[in-house]
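Numbered as in UniProt numbering, the sequence shown ends at 150 without a single skipped number.
Built from N, CA and C at the ideal position, the CB exists for glycine as well.
Structure record follows, encoded as structure tokens.
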Amino acid sequence: MKKLVLVTLSLIVGLVGGLSAVGNTASASSLQRGLPRALRNSKWQSKSRYIKGLHEYRSATLVFHKMSIVHYGPQKGEPVDIYGLSYKYAGHHIYELHGHLEKQAVALGLHWAGEVKIYSSHKINYADCNITEDGQIFTNNLANTVYNRK
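Right under this line is the structure:
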């Protein structure tokens, strides 16, 4: 009887210790590589806005790839390419995005940050952000725009 109790007790201690040693390697508080699955390989378009200098209505377009974003602004000009993306889930369908404005920016240390709130599979809110030297992120309210799936 004494041996049975000792064997049972040692098995319980071994199982509890073994299960506590195995942890989840993915953490929501750490940066994940790429983009969230809901945004990968998708195209989004903002509402048309009147541009005074051009005297016409234009809309902005966002193209999300697996590891990059291409942002076509409403004005004519070169699109903004953002590379080497990683993201962090901030809660309530909000994702903080981090990357670099150019492929060579990794060596130069030119960081970019943005924020995406996913309302549904057809509507997101995209905001460019500014990063201070101490790592604080501030949302640029002028670049806070609602986009619809194209």
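With respect to Thr-61, Lys-47 sits apart: the two C-beta atoms are not nearer than 8 Å.
Cβ-Cβ distances below 8 Å link Lys-66 to Gly-34, Leu-35, Arg-40, Asn-41 in the same chain, with the five nearest sequence neighbours on each side left out; the list follows chain order.
Tyr-95 places its beta carbon 8 Å or farther from that of Lys-103. Remark: C-beta atoms of Ile-82 and Leu-101 approach each other more closely than 8 Å. Taking C-alpha positions only, Glu-115 is separated from Ile-12 by approximately 46 Å. When only Cα atoms are considered, Pro-79 and Val-63 end up about 10 Å apart. Leu-97 has Tyr-87, Gly-114 as its beta-bridge partners, per DSSP. Shown here, Ser-10 sits in a helix according to DSSP, grouped into three states.
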